[in-house]
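Step one of this worksheet: look at the structure below.
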Amino acid sequence: MSRPVCKNRVTGDEVEEELCNDSQKPQSTVVECNVHNCPPKWFTEEWGPCTVSCGGGTRIRDVYCVEESNNTRIKVDDIRCGGHKPWFQDTCNQMDCPSWFTTKWSGCSVSCGEGVQSRTVECRDSRHQLSDLCPGSSKPTSTKPCSTGIHCPFSMEASEELLLPGLYHTQPLVQPYPPPPVPERLIGEQNVPTEAR
Numbered sequence: 001m002s003r004p005v006c007k008n009r010v011t012g013d014e015v016e017e018e019l020c021n022d023s024q025k026p027q028s029t030v031v032e033c034n035v036h037n038c039p040p041k042w043f044t045e046e047w048g049p050c051t052v053s054c055g056g057g058t059r060i061r062d063v064y065c066v067e068e069s070n071n072t073r074i075k076v077d078d079i080r081c082g083g084h085k086p087w088f089q090d091t092c093n094q095m096d097c098p099s100w101f102t103t104k105w106s107g108c109s110v111s112c113g114e115g116v117q118s119r120t121v122e123c124r125d126s127r128h129q130l131s132d133l134c135p136g137s138s139k140p141t142s143t144k145p146c147s148t149g150i151h152c153p154f155s156m157e158a159s160e161e162l163l164l165p166g167l168y169h170t171q172p173l174v175q176p177y178p179p180p181p182v183p184e185r186l187i188g189e190q191n192v193p194t195e196a197r
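FYI, in the UniProt record's numbering the residues of the sequence shown are 1 to 197.
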């Protein structure tokens, strides 16, 4: 765009417009410039999704050599672009995948016979925060049967109830002690009722 200015005829310096005759002021004109196309350049699209959510994957994007003309991008041969072509592939999600963590097995739930041992099983990520992304197919068991190696009195089955840590469980007995033997009556002794004790 060309803009008219008022200048001193002797010095050629620009002066105030009021010093020039306004009726002789030319109109402003617009002249095109740099009408040739800009050199081709590299253009990159947004990165695509990572191939995995953890454990190290890859992502890709499209990279073109383009030439712009009238605000329109035209794809041209890569050889026309100068410089190093940007990477079209990159690594992503390098953090370790969440994994299962277990505590030690508890003691057997009974003091005799067959019982159950338990432990805590949790899924945690690389920062040791609880997560729900561990594969269920590889989840360790949280309970397992156990045996004390001790037979319960009267061959009673062990209770299957799990007790709180620190409590000691004993198998209930129907009759804690065998009944006392009945004394033999002396020959010829009369049947005399005995006092209950």
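Virtual Cβ for every residue (Gly too), placed ideally from N, Cα, C.
Should residue i and residue j be called a contact, given that it needs their Cβ atoms to be closer than 8 angstroms?
i	j	result
Cys146	Gln117	yes
Lys104	Arg119	yes
Out of curiosity, what's the CA-to-CA distance linking residue i and residue j?
i	j	result
Ser69	Gly82	18 angstroms
Pro86	Val63	7 angstroms
Gln27	Pro4	7 angstroms
His128	Val121	13 angstroms
Ser126	Val52	16 angstroms
Cys50	Arg59	5 angstroms
Glu14	Ser2	15 angstroms
Arg80	Val31	30 angstroms
Ser159	Gly113	Below a pLDDT of 50, predicted positions are generally treated as unreliable, and Ser159, at 47, falls in that range; the measurement from the model is reported next regardless. Distance between the alpha carbons of Ser159 and Gly113: 8 angstroms.
Gly48	Glu67	24 angstroms
Lys7	Thr72	42 angstroms
Ser106	Phe88	53 angstroms
Could you tell me the boundaries of the beta strand (DSSP E) in which residue i lies?
i	result
residue 200	In the structure displayed, the chain extends from 1 to 197; residue 200 sits before or after that span and is not available.
Gln129	That residue, Gln129, is in no beta strand (DSSP E); it is neither H nor E in DSSP.
Phe43	Lys41 to Thr44
Ser28	Here Ser28 belongs to no beta strand (DSSP E), and DSSP marks it neither H nor E.
Cys112	First-last for Cys112: undefined, no H or E at that position.
Arg80	No beta strand (DSSP E) holds Arg80; DSSP gives it neither H nor E.
What residues in its chain sit with their C-beta under 6 angstroms from that of residue i, if we drop five residues either side in the sequence?
i	result
Glu45	Arg61 and Asp62
Discussion item. Could you check whether the segment 132-141 touches the segment 96-103, counting it as contact only if at least three pairs of C-beta atoms, one from each stretch, sit closer than 8 angstroms?
Written reply: Judged by pairs of C-beta atoms under 8 angstroms, the segment 132-141 touches the segment 96-103, as three or more such pairs exist.
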